Amino acid sequence: MQELVNLLTDLPPLLIYVLAAVLVAGETAFIVGLVVPAEATLLTVGFLAYLGTLRLVPAVILMIAAGLLGDTLAFRSGRRYGPKLRSGRWGTRIGHERWQKADAMLARLGGRAMLGARWVAFVRTLAPRLAGGAGMPYRRFAPGMRWA
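Residue numbers 1 to 148, in full-length UniProt numbering, belong to the letters of the sequence shown in order.
Structural data, given as structure tokens:
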């Protein structure tokens with residue numbers, strides 16, 4: 001672990017900010033979160049801010065913006081490819097009744113469902129796509145995302 005910290009503290013702070021933002025945004029935008037959740041990145045950024053390598057306020061603002069960007073890209077991906085996914089091979093394996101249950105939950109809970117999804121690993125990665133594919137208006141999706 002000490003070797004990783006030494007490696008990161010030797011990098012230019014701008015590069016660390018950019019890499020961390022890409023990892024946080026990529027968690028939901030590119031479904032990377034199913035394999036590599038962003039919690040480790042966020043903890044590392046916080047630790048580097050504690051060490052003085054990064055500044056805390058810019059790091060927090062950038063990580064929030066990266067998370068919002070990733071969620072927005074995932075929502076748009078769900079909006080665009082959701083219907084195709086539901087009618088495809090994987091979508092039919094899930095089953096029409098399960099899709100209907102998910103749609104009903106999103107209709108009932110709206111942005112609150114998205115807020116809750118932000119705190120559950122793996123669900124956080126898939127929920128924006130589900131919301132977009134279910135046709136949830138962005139104005140209902142965004143409040144849950146904004147406060148997460």
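We put the beta carbon where it would ideally sit given N, CA and C, even for glycine. From a predicted model like this one, the values you see are computed outputs, not experimental measurements.
Query, Result
"Candidates Val18, Gly52 and Asp71: closest to residue 150 by CA position", "The structure shown does not extend to residue 150, since the chain is modelled only from 1 through 148, so no value can be given for it."
"Whole-angstrom C-beta distance between Gly78 and Ala131, which should lie under 8 angstroms", "6 angstroms"
"Supposed contact pair Gly110 and Arg129 - C-beta distance, whole angstroms, cut 8 angstroms", "So it is not a contact: roughly 16 angstroms between Cβ atoms."
"Where the alpha helix (DSSP H) through Gly70 begins and ends", "Leu56 to Ser87"
"Ile31 in three-state terms, based on DSSP", "coil"
"Cβ-Cβ distance between Ala117 and Gly82 below 9 angstroms", "no"
"Other residues of its chain near Val45: CB distance less than 7 angstroms, five sequence neighbours each side excluded", "Ala20, Leu54, Ala59 and Met63"
"Anticipated Cβ contact below 8 angstroms, Thr28 with Ala74, distance rounded", "4 angstroms"
"Rounded separation between Trp119 and Arg108 - CA only", "19 angstroms"
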